[in-house]
Amino acid sequence: MSKKSRRKKRHVPQRTCVGCRETLAKQTLTRIVRSPEGVQVDLTGKLSGRGAYLHNQRECWDKALKGALANALRTKISAEERTALEEYSKNLGSE
3 MSKKSRRKKR HVPQRTCVGC RETLAKQTLT RIVRSPEGVQ VDLTGKLSGR
53 GAYLHNQREC WDKALKGALA NALRTKISAE ERTALEEYSK NLGSE
């Protein structure tokens, strides 16, 4: 066997959705981050701070906003932050 035919498979980072607890590839989930500025959606996946991941499905967001997201981020989510996250989730379809 030549070296070209024995290439290693590339490692794909796995993350767990806070809403439904399903484990998927990191790229398929949306990251929510707790930073000194507050809780916000991290579309780039590169903001510093404690992160949690959610599917792009409304059901997962609804479950997470009931308390699982606050537990994962180890913080209390303020009313303004909750409103911003709910507005973001309204733009998601029930895919």
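For the sequence shown, the numbering used here begins at 3 and goes up steadily by one. All residues carry an ideal CB built from backbone N, CA and C; glycine is no exception. Every value quoted in this text rests on a predicted model; they were computed, and no experiment measured them.
Item                                                                                                   : Value
Classification of H57 by the beta-carbon crowding that lies within 10 angstroms, buried from 16 upward : buried
Secondary structure of T30, DSSP reduced to three states                                               : helix
Whole-angstrom distance between S37 and G51, CA atom to CA atom                                        : 5 Å
DSSP three-state assignment for R84, whether helix, strand or coil                                     : helix
Residue nearest to A74 in terms of C-alpha spacing, selected from S91, C22 and A81                     : C22
Pair within 8 Å by beta-carbon distance, L94 and Q42                                                   : no
Runs of alpha helix (DSSP H) wholly within the segment 43–67 (minimum 4 residues, chain order)         : 60–65
Residue span of the beta strand (DSSP E) that contains R17, given as start and end                     : Q16 to T18
Three-state secondary structure assigned by DSSP to G69                                                : helix
One or two residues paired with L36 in a DSSP bridge                                                   : Sequence inspection shows Arg at residue 36; the Leu mentioned does not correspond to that position. Paired residue(s): V41 and R52.
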